[in-house]
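Everything on this sheet refers to the single structure shown next.
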Amino acid sequence: MSDLTAEYELDYFYENGFTRSECTSCGVHFWSRDEERETCGEPPCEQYDFIGDPGFNESYTLEEMREAYLSFFEEHGHERIEPYPVAANRWRDDVLLTQASIYDFQPLVTSGKTPPPANPLTISQPCIRMQDIDNVGKTGRHTMAFEMMAHHAFNAKEEAGDQYAYEGEVYWKSETVAYCDELFESMGANLDEITYIEDPWVGGGNAGPAIEVIYKGAELATLVFMKYEQDPDGEYELKDGNTYSEMDTYIVDTGYGLERWTWMSQGTPTVYEAIYPESIDFLKQNAGIDLSEDEQALVQRAATLAGGMDIDEAEDMETARGDIAAELGVERARLEALMEPLETIYAIADHARTLAYMFGDGIVPSNVGTGYLARMVLRRMKRLTDTVGVDAPLDELVDMQAERLGYENRDTVRDIVRTEVEKYRETLDRGSRQVQRLAEEYAERGEPIPLDRVIELYDSHGIQPDMVEEIAEETGADVEIPDDFYSQVADRHGGETDEEDIDEKETERVADLPDTDKLFYEDPERASFEAVVLDVLDRGEGYDVVLDQTMFYPEGGGQPADTGTLATDDTTVEVEDVQEESGIVLHRTDEDPGKGEFVRGHVDMTRRKRLMAHHTATHIIGHATRTVLGGHIRQAGAQKGTDSSRLDVAHYDRISRAEIKRIERVANDYVRDNIPVTDEWIHRNDAQSEHGFDLFQGGIPPGEEIRLVHVDDDVQACAGTHVARTGDIGLIKVLTTERVQDGVERIQFAAGDAAVEATQATEDALYEAADTLDVEPSAVPETAERFFTEWKQRGKQIDELKEQLAEVRAAGGGDAETVEVGDTEAVVRRIDGDIDELRTTANALVADGKIAVVGSGQESVTFVVGIPEGVPVNAGALVSELAGRVGGGGGGPPDFAQGGGPDVDALDDALDAVPELLEQQLDA
RNA sequence: GGGCCCAUAGCUCAGUGGUAGAGUGCCUCCUUUGCAAGGAGGAUGCCCGGGGUUCGAAUCCCCGUGGGUCCA
Numbered sequence: 001m002s003d004l005t006a007e008y009e010l011d012y013f014y015e016n017g018f019t020r021s022e023c024t025s026c027g028v029h030f031w032s033r034d035e036e037r038e039t040c041g042e043p044p045c046e047q048y049d050f051i052g053d054p055g056f057n058e059s060y061t062l063e064e065m066r067e068a069y070l071s072f073f074e075e076h077g078h079e080r081i082e083p084y085p086v087a088a089n090r091w092r093d094d095v096l097l098t099q100a101s102i103y104d105f106q107p108l109v110t111s112g113k114t115p116p117p118a119n120p121l122t123i124s125q126p127c128i129r130m131q132d133i134d135n136v137g138k139t140g141r142h143t144m145a146f147e148m149m150a151h152h153a154f155n156a157k158e159e160a161g162d163q164y165a166y167e168g169e170v171y172w173k174s175e176t177v178a179y180c181d182e183l184f185e186s187m188g189a190n191l192d193e194i195t196y197i198e199d200p201w202v203g204g205g206n207a208g209p210a211i212e213v214i215y216k217g218a219e220l221a222t223l224v225f226m227k228y229e230q231d232p233d234g235e236y237e238l239k240d241g242n243t244y245s246e247m248d249t250y251i252v253d254t255g256y257g258l259e260r261w262t263w264m265s266q267g268t269p270t271v272y273e274a275i276y277p278e279s280i281d282f283l284k285q286n287a288g289i290d291l292s293e294d295e296q297a298l299v300q301r302a303a304t305l306a307g308g309m310d311i312d313e314a315e316d317m318e319t320a321r322g323d324i325a326a327e328l329g330v331e332r333a334r335l336e337a338l339m340e341p342l343e344t345i346y347a348i349a350d351h352a353r354t355l356a357y358m359f360g361d362g363i364v365p366s367n368v369g370t371g372y373l374a375r376m377v378l379r380r381m382k383r384l385t386d387t388v389g390v391d392a393p394l395d396e397l398v399d400m401q402a403e404r405l406g407y408e409n410r411d412t413v414r415d416i417v418r419t420e421v422e423k424y425r426e427t428l429d430r431g432s433r434q435v436q437r438l439a440e441e442y443a444e445r446g447e448p449i450p451l452d453r454v455i456e457l458y459d460s461h462g463i464q465p466d467m468v469e470e471i472a473e474e475t476g477a478d479v480e481i482p483d484d485f486y487s488q489v490a491d492r493h494g495g496e497t498d499e500e501d502i503d504e505k506e507t508e509r510v511a512d513l514p515d516t517d518k519l520f521y522e523d524p525e526r527a528s529f530e531a532v533v534l535d536v537l538d539r540g541e542g543y544d545v546v547l548d549q550t551m552f553y554p555e556g557g558g559q560p561a562d563t564g565t566l567a568t569d570d571t572t573v574e575v576e577d578v579q580e581e582s583g584i585v586l587h588r589t590d591e592d593p594g595k596g597e598f599v600r601g602h603v604d605m606t607r608r609k610r611l612m613a614h615h616t617a618t619h620i621i622g623h624a625t626r627t628v629l630g631g632h633i634r635q636a637g638a639q640k641g642t643d644s645s646r647l648d649v650a651h652y653d654r655i656s657r658a659e660i661k662r663i664e665r666v667a668n669d670y671v672r673d674n675i676p677v678t679d680e681w682i683h684r685n686d687a688q689s690e691h692g693f694d695l696f697q698g699g700i701p702p703g704e705e706i707r708l709v710h711v712d713d714d715v716q717a718c719a720g721t722h723v724a725r726t727g728d729i730g731l732i733k734v735l736t737t738e739r740v741q742d743g744v745e746r747i748q749f750a751a752g753d754a755a756v757e758a759t760q761a762t763e764d765a766l767y768e769a770a771d772t773l774d775v776e777p778s779a780v781p782e783t784a785e786r787f788f789t790e791w792k793q794r795g796k797q798i799d800e801l802k803e804q805l806a807e808v809r810a811a812g813g814g815d816a817e818t819v820e821v822g823d824t825e826a827v828v829r830r831i832d833g834d835i836d837e838l839r840t841t842a843n844a845l846v847a848d849g850k851i852a853v854v855g856s857g858q859e860s861v862t863f864v865v866g867i868p869e870g871v872p873v874n875a876g877a878l879v880s881e882l883a884g885r886v887g888g889g890g891g892g893p894p895d896f897a898q899g900g901g902p903d904v905d906a907l908d909d910a911l912d913a914v915p916e917l918l919e920q921q922l923d924a
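Under the UniProt record's numbering, the residue at position 630 of the first sequence is numbered 630, and the numbers go up by one with no gaps.
Have a look at this one:
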């Protein structure tokens with residue numbers, strides 16, 4: 001394993017009198033101005049050294065510290081960049097949440113494909129790390145939500161020339177450490193106390209040397225120097241066991257925790273009291289937590305030691321708590337009773353802030369993706385508030401944070417939280433009823449509740465095991481929840497199949513051809529064009545024709561490919577499909593037009609026009625939906641077609657019929673206003689800074705220049721073809737909505753001719769129904785209702801009549817064959833009716849104290865046998881015997897049985913045998 | 001994206017191949033009456049939709065629809 005020791009030999013360290021030492025406690029290497037220093041300074045090697053004794057000259061609020069940092073780097077030649085959303089999946093598809101500022105620039109900027117918005121730059125990026133969820137509140141320093149203040153510089157090796165989106169070196173390691181020192185100095189920190197720990201960094205396919213910056217027991221910054229990428233043939237083997245090679249680009253990636261810096265400046269017992277003091281006060285008061293001075297002092301002393309309460313490092317929380325109690329000379333139980341409510345309060349505030357970021361940035365609760373993570377956080381927060389007795393509504397707590405963070409969609413955020421809390425309440429209600437039933441069942445039996453039932457409750461119904469324990473105890477049932485409960489749940493999911501996406505694109509000789517000139521953007525209404533065949537690739541099932549230029553739109557952005565023809569003087573070939581591979585348009589044809597030929601292309605414009613109408617309509621429907629339902633509406637997928645299209649949007653509730661009507665009306669207003677649809681190619685950084693991330697409704701386009709399509713004030717990055725004016729669409733008709741996932745609604749609609757056709761189809765159905773009912777179309781609902789009611793009444797009437805008929809039959813007469821069996825009269829009879837008639841007849845006979853054997857032989861044979869109480873005949877056995885004679889089977893309880901078989905011809909013989917069979921049973 | 005669970009009376013649910021049930025609510029009557037309640041009787045239902053297996057399906061199988069939940 002290569003170590004990167006040489007990487008840390010910075011000129012800056014030598015020029016400023018630093019010494020490299022090895023921590024006597026944990027063995028890491030670190031640099032410090034203090035040559036006597038023995039430990040690295042980070043917990044657990046040392047404890048917090050600033051509680052009650054701030055490490056900076058002045059006390060800063062969160063907002064002040066953010067501003068101080070950003071303006072410091074602005075003054076040092078960095079451009080300030082607006083933060084990105086916490087939902088990282090808005091611009092990349094490999095992660096869900098933003099976990100570091102560098103996420104903003106992966107993968108396109110770090111790989112050098114696109115330029116950074118500024119170079120160098122500074123930013124304070126909101127981040128969410130779900131993996132810290134168990135530490136939140138306990139260590140005094142962990143938060144799920146935090147802002148990573150950072151400065152970044154993107155460098156490319158001189159010899160790489162201009163093949164990347166940025167050139168040359170801005171600055172590298174020494175300058176980065178110098179900035180850090182200078183920032184500390186400007187805050188009035190004692191530079192002698194700072195340690196720079198060597199801690200190589202590996203992550204996300206990249207790696208490089210990195211430095212952890214420790215001051216007074218707290219890690220305040222990480223300076224990462226990204227310069228390697230994962231490479232199976234690479235010469236460097238790093239700590240994750242993979243090999244890496246050097247990249248042409250090398251990037252300064254720093255991270256300064258805004259919350260830690262604020263905390264350091266205030267010296268409060270925990271970070272939480274430093275960053276949202278008013279929330280903590282409010283929650284404490286609401287939960288009725290009021291500490292005496294002694295208790296306050298104890299809490300403060302415990303806080304300096306709380307660094308050891310890290311679930312990732314501590315053996316278990318109880319032991320860690322015990323150690324701290326011992327150190328303070330108090331009982332563990334006393335410390336726990338004092339600390340736990342506080343820790344819960346801290347966690348609640350952090351959960352609220354996390355949710356404010358998530359919902360504020362447009363995440364919608366769901367059973368998938370970021371929406372699921374948000375749901376988990378919200379439910380956990382609800383449980384925490386219940387535990388500690390906070391009765392303020394969650395939407396208010398989240399709103400307090402959303403206000404602080406300056407979100408403008410606070411009404412929507414509150415609405416989402418309320419809806420989601422209500423959903424959780426329903427789940428809990430449903431769950432507790434189920435657990436109640438289960439517990440009663442097992443309490444009655446005196447058995448413990450089996451574990452797999454508890455696992456099922458959790459896995460299928462979202463019921464936490466401690467809820468089962470609680471209810472079981474109340475009900476008097478036993479249940480045991482093992483420590484590895486959650487891993488047993490995980491086992492149930494076993495065999496998680498990661499389907500491998502082996503998508504071997506054939507780039508081969510296509511790569512050498514020039515990019516195809518796309519004519520369809522210039523004039524999307526034009527059908528014909530002329531071109532030269534640059535190459536023809538035989539694909540076995542057809543040919544891929546490469547032209548120098550084309551009017552054919554290749555499939556992309558949810559818009560299907562054009563079809564049409566290519567004609568030479570000799571032949572005409574059909575274009576069946578069109579795909580694009582790295583800038584080259586491949587026309588799939590049935591015949592070979594001939595390489596080097598001059599062709600006239602003709603696009604099927606009927607199809608194209610329908611697709612264009614649907615594509616523009618998709619933008620309009622999206623915009624209308626956002627107008628009607630709120631700014632959180634975001635495209636979650638789309639597919640255009642010639643007859644209809646669909647748009648999936650993220651929304652936290654079902655879309656009502658009334659809302660659909662409003663969406664339809666708003667959409668058609670845009671059509672009626674006949675607004676011009678315009679497009680422009682602009683630099684992605686300009687597009688992003690002007691329009692934000694809502695641009696990327698349909699995915700993230702590659703490249704520096706991106707195409708924007710404007711429809712009124714709706715702007716989207718889009719490569720598709722559109723109508724010239726919204727009026728060209730003619731009409732937009734919403735067809736259906738369905739819920740494709742929790743939190744995702746699919747809107748299906750038709751545009752233009754297709755909308756007229758769809759409306760006609762609906763009308764046809766209505767007219768047909770009206771015709772059948774012989775009423776006006778407008779009377780159909782009323783008439784259908786009347787018919788349905790009448791139909792139900794008749795059903796009841798028929799039942800009554802059958803009953804009467806059965807009584808009449810039972811009273812005698814007809815072709816009944818009556819035999820005496822022992823002391824009882826038996827009636828054997830063929831009634832060609834349905835099973836209900838046979839049953840009611842048999843029941844009526846039994847009520848008269850007679851044995852009833854009735855059979856029906858319409859399409860198949862059915863028997864019903866009824867036996868009065870006290871008569872020693874087994875109905876089941878008799879039916880089974882009779883049914884056997886008609887080639888079927890049957891059975892039932894001893895007093896009433898049914899059966900039958902397919903052989904209708906054998907029915908009468910079977911009935912004739914009944915007296916004999918009855919005698920046999922009596923004799924037996 | 002994947003796994004699992006659920007759908008029966010207005011509501012909450014039982015019913016694992018053989019005559020659709022309970023509690024609650026509803027209606028009528030009685031008792032009592034300040035309210036609450038008590039007694040007797042009654043009506044509850046395309047057992048989510050569509051196919052299949054079977055003599056027979058609420059029940060088993062398949063496909064939908066709607067809802068829930070866990071995981072990535």
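Here a beta-carbon is modelled for each residue, glycine too, at the ideal position from N, C-alpha and C.
Measure the C-alpha to C-alpha separation of residue i and residue j and round it to an integer number of angstroms.
| i | j | result |
| --- | --- | --- |
| H29 | T39 | 9 Å |
| Y196 | Y14 | 13 Å |
| Y228 | F693 | 29 Å |
| R92 | P107 | 8 Å |
| K518 | I211 | 49 Å |
| A207 | I251 | 10 Å |
| V649 | G241 | 42 Å |
| E530 | D544 | 17 Å |
| K505 | E159 | With a pLDDT of 39 at K505, under the threshold of 50, the predicted position of this residue should be treated as unreliable, though the coordinate-derived value follows. Taking the straight line from one Cα to the other gives about 31 Å. |
| C718 | P702 | 11 Å |
| residue 945 | G901 | Since the first residue of the chain shown is 1 and the last is 924, residue 945 is not available in this structure. |
| E175 | D231 | 29 Å |
| W172 | E185 | 20 Å |
Residue i by DSSP, collapsed to three states: which one?
| i | result |
| --- | --- |
| C45 | coil |
| I51 | coil |
| M130 | helix |
| R829 | strand |
Relative to the C-alpha of residue i, which candidate in the options has its C-alpha closest?
| i | options | result |
| --- | --- | --- |
| D361 | P126, Y48 and T122 | P126 |
| R885 | D908, P894, E869 and S778 | D908 |
| L917 | G889, E881, G891 and D895 | E881 |
| C23 | E79, I348, E46 and A326 | E46 |
| G112 | T385, Y84, A156 and Y256 | A156 |
| G601 | H619, V578, H623 and I621 | V578 |
Within this structure, are the beta carbons of residue i and residue j separated by less than 8 Å?
| i | j | result |
| --- | --- | --- |
| F359 | V271 | no |
| P593 | L611 | no |
| E664 | V756 | no |
| S860 | G833 | no |
| A374 | L394 | no |
| D429 | I449 | no |
| V170 | N119 | yes |
| G720 | H615 | yes |
Would you please state the rounded distance, in angstroms, between the beta carbons of residue i and residue j? I believe it to be under 8 Å.
| i | j | result |
| --- | --- | --- |
| L305 | M264 | L305 to M264, Cβ: 17 Å. No contact. |
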